[in-house]
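When we follow the numbering used here, the leftmost residue of the sequence shown carries the number 604, and every step to the right adds one. To start, the structure itself, in structure tokens.
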Amino acid sequence: MPEELTNEEWFDIVDEHDQVLRSAPRSQVHGGKYLHRATHIWVINSAGQLLVHLRAAGKEEEPLKWTSSASGHVSAGEAYEVSAVRELSEELGIETKLTRWHKIMSGPETGYEHTELYACQSDAVPVPDPNEISEIRYLDFAALYDWLDREPTAFTHPFRAFLRWSRENTEKMVFD
């Protein structure tokens, strides 16, 4: 049943190669641990600092953990990049060009989500959605890596994976 009839988000269920098999409501996808899709977006200011946020207490998955500037599920029939643009606008009120940086394939560590990372350079003033975000901070990557090493459980699983990737792949962190 389409989302507009159920008032529940619908996601594409995908295989291990990220090929769409069918669509289903969020509750079924998460309840059955089906593979699905998500995006993370990094906003990096002109000082080279990454905007991170503390997830709101009411979030279903990993509440009160630090994560990417914005993130969210890819809706059924939606492209990763379209999802990333939408999530950045919804969560932070920022609209800007994004560059795809990396993809993590699905597994238990990612909540069964194939997840693509997009990034942008922006000094736009974020307007956080309080239903999604409890707090925001701009942090240097060195400080984030140090924090990750000291307290990995402070961060969401996908964000930890992307931080580890970024530490070893700084040469790939360029903007189009």
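Cβ coordinates follow ideal geometry from the N, Cα and C atoms, glycine included. For clarity, every value in this text was computed on a predicted model and none was experimentally measured.
_Would I644 and S678 be called neighbours here (beta carbons separated by less than 8 Å)?_
As a position in the sequence shown, residue 644 is number 41, starting the count at 1. As a position in the sequence shown, residue 678 is number 75, starting the count at 1. Not a contact, by the Cβ cut-off of 8 Å.
*With DSSP run on the structure shown, which of helix, strand or coil describes E607?*
What you label residue 607 is simply residue 4 of the sequence shown in a count that begins at 1. Low per-residue confidence applies at E607: pLDDT is 49, beneath 50, and the placement is therefore not dependable, though the value from the model is reported in the following sentence. Of the three classes helix, strand and coil, the one that applies to E607 here is helix, per DSSP.
*Which residues bound the alpha helix (DSSP H) around Q631?*
Here residue 631 is taken as the residue at index 28 of the sequence shown, counted from 1. Here the alpha helix (DSSP H) through Q631 covers 629-634.
*Excluding the 5 residues preceding and the 5 following P733 in the sequence, name in chain order all residues of the same chain whose CB lies nearer than 8 Å to its CB.*
On the sequence shown, position 130 is the one that residue 733 refers to. Cβ neighbours of P733 beyond the five flanking positions: A659.
*7 Å CB neighbourhood of D618 in its chain, flanking five on each side removed*: Counting from one through the sequence shown, the residue named residue 618 turns up at place 15. These residues qualify, in order along the chain: L624, L638.
*Over the uninterrupted alpha helix (DSSP H) stretch that includes D749, give me the two end residues.*
Taking the sequence shown and counting its residues from 1, the one referred to as residue 749 is at position 146. Run containing D749: 744-753, per the alpha helix (DSSP H) assignment.
*DSSP on Y683, reduced to helix/strand/coil?*
Position 80 of the sequence shown, counted from the start, is the residue given in the question as residue 683. Correct three-state label for Y683: helix.
_Tell me which residues share the same chain as M604 and place their Cβ nearer than 6 Å to its Cβ, disregarding the 5 neighbours each side in the sequence._
Taking the sequence shown and counting its residues from 1, the one referred to as residue 604 is at position 1. Note that M604 scores 46 on pLDDT, short of 50, meaning its location in the model is unreliable and no value can be drawn from it.
*Select from S672, H705, E712 the residue whose C-alpha is nearest the C-alpha of E698.*
In the sequence shown, the residue the question calls residue 698 occupies position 95. For the residues S672, H705, E712, the minimum Cα distance to E698 belongs to S672.
*Where does R753 land, buried or exposed, given buried means 16+ other C-beta within 10 angstroms?*
The sequence position of residue 753 within the sequence shown is 150, counting from 1. Looking at its Cβ environment, which holds fewer than 16 other Cβ atoms inside 10 Å, R753 is exposed.
*Own chain, CB closer than 8 Å to N648, minus 5 neighbours either side, in chain order*: Within the sequence shown, residue 648 is the residue found at index 45, counting from 1. The answer, listed in chain order, is L654, Q724, S725, D726, Y741.
*Where does the unbroken alpha helix (DSSP H) through S769 begin, and where does it stop?*
In the sequence shown, residue 769 corresponds to position 166, counting from 1. Residues 760-771.
*Buried versus exposed call for D615 [16 or more other C-beta atoms within 10 Å across all chains shown]*: In the sequence shown, residue 615 corresponds to position 12, counting from 1. The residue in question, D615, is buried, as its Cβ has 16 or more Cβ neighbours within 10 Å.
*Is A764 near T713, with beta carbons less than 8 Å apart?*
Taking the first residue of the sequence shown as 1, we reach residue 764 at position 161. Taking the first residue of the sequence shown as 1, we reach residue 713 at position 110. Yes, the pair counts as a contact, with Cβ atoms nearer than the cut-off.
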